[in-house]
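Below is one structure, written out as structure tokens, with a few remarks after it.
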């Protein structure tokens with residue numbers, strides 16, 4: 347069921363999390379449009395616009411952005427605490443507000459001269475959770491072996507072998523496949539980057555098997571029966587069902603951190619494998635493969651041949667023993 351839309355749309359998108367919601371304050375809309383012009387991802391803009399709408403439309407409808415003080419942000423934070431919102435989620439909301447005020451305080455056309463959200467953000471530590479007990483290569487492998495549909499199975503293989511997020515895998519087009527050279531291109535990654543990731547023969551074989559049984563003319567590799575891209579929720583569901591069949595999870599609706607398995611765990615497993623193997627990949631190589639947004643990562647990678655990373659990747663990645 348699609349999410350109910352509460353606010354007018356400033357910039358539309360194919361899916362709910364690509365829509366950018368209009369704010370009653372013009373300066374907020376200018377900020378969002380400015381972010382869009384420098385290729386900030388639609389997912390990030392969606393998050394920014396939702397946080398701004400909640401803060402200014404629902405929590406503090408009587409005040410303008412110029413009238414916000416540290417106390418208002420602290421009050422918002424207390425309300426999030428009362429709702430039991432996780433620490434990292436609270437930090438993400440405040441980061442959104444801080445991004446706006448950082449932008450506005452640098453524009454001569456605004457009456458904003460400081461960043462009240464930034465003051466609060468400095469006090470919010472990011473919590474690094476331990477790696478879930480279920481997040482192991484062997485578990486991920488068993489789950490993939492228990493996924494029957496070739497589309498869902500191949501998507502899980504891509505996530506396991508490349509560390510991409512579910513949406514990033516599902517947006518792969520036929521033009522992104524450079525299988526003869528051993529690469530797949532992932533565009534519009536969450537960090538706003540495009541990466542060219544190496545893949546092994548097992549992954550190439552899985553993709554080609556999927557292509558052989560696909561009868562549609564869609565530009566996307568993963569196409570739903572009725573046309574259009576396969577939805578993320580389907581992949582989440584099928585990975586969970588595979589986890590139950592594989593004995594990794596007892597219940598498809600398991601919510602406990604150390605007892606569940608979600609598609610994102612493949613990213614955790616991949617990152618650990620690339621970094622912790624002997625010898626592991628260089629940090630900026632791993633950051634590139636993950637699609638991290640730091641500019642220094644991109645700058646470093648431009649001086650590193652793709653083939654050099656591919657060679658080290660092939661020495662490190664493990665088999666899924668599918669064929």
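Numbering (the numbering used here), first residue to last: 347 to 669.
Don't be surprised by glycine CBs; every beta carbon is placed ideally from N, CA and C.
Start and end residues, beta strand (DSSP E) containing residue 654: Looking at the DSSP string, residue 654 is not in any beta strand (DSSP E); the run it does join, the alpha helix (DSSP H), is 652-662.
8 Å contact criterion, which residue 617 and residue 509 should meet: CB distance rounded: 6 Å
Of the listed residues 545, 523 and 556, nearest to residue 657 (C-alpha basis): 545
Identified DSSP bridge partners for residue 531: 542
Cβ pair count under 8 Å reaching 3, the region 576-592 against the region 424-432: no
Three-way DSSP call (helix, strand, coil) for residue 477 in this model: coil
Residue 494 versus residue 452: straight-line alpha-carbon distance, rounded: 53 Å
Under the three-state DSSP convention, the category residue 595 falls into: coil
Distance, residue 570 Cα to residue 498 Cα: 10 Å
Supposed contact pair residue 615 and residue 486 - C-beta distance, whole angstroms, cut 8 Å: 5 Å
Local conformation of residue 568 per DSSP, three classes: coil
Simplified DSSP state of residue 401, which is helix, strand or coil: helix
Short Cβ contact (9 Å threshold) for residue 435 with residue 604: no
Cβ-Cβ distance between residue 541 and residue 634 below 9 Å: yes
Coarse secondary structure for residue 627, derived from DSSP in three states: coil
Minimum C-alpha distance to residue 381 - residue among 555, 357 and 403: 357
Per-residue DSSP class, three states only, for residue 419: helix
Spatial neighbours of residue 463 in its chain, beta-carbon cut-off 6 Å, leaving aside the 5 residues before and after: 419, 440, 443, 444 and 447
Residue 641 - DSSP class collapsed to helix/strand/coil: Its pLDDT being 44, under 50, residue 641 is placed unreliably in this model, and the value from its coordinates should be taken loosely. Looking at residue 641 - three-state DSSP - the assignment turns out to be helix.
Contact check, residue 514 vs residue 637, beta carbons under 9 Å: yes
Proximity below 9 Å, CB of residue 359 to CB of residue 368: no
Secondary structure of residue 465, DSSP reduced to three states: helix
N-terminal and C-terminal residue of the alpha helix (DSSP H) that residue 550 is part of: 547-559
Under 9 Å between C-beta atoms of residue 511 and residue 610: yes
Boundaries (first-last residue) of the beta strand (DSSP E) holding residue 355: 355-357
Start-to-end residues for the alpha helix (DSSP H) that takes in residue 291: Since the first residue shown for the chain is 347 and the last is 669, residue 291 is missing from the structure and cannot be characterised.
Rounded separation between residue 664 and residue 456 - CA only: 54 Å
Proximity of residue 530 and residue 518 at Cβ, strictly below 9 Å: yes
Alpha-carbon to alpha-carbon, residue 523 and residue 361: 24 Å
Residue from 602, 450, 421 and 468 whose Cα sits closest to the Cα of residue 405: 421
Assigned exposure category for residue 612 - 16 Cβ within 10 Å defines buried: buried
Residue 635 in three-state terms, based on DSSP: helix
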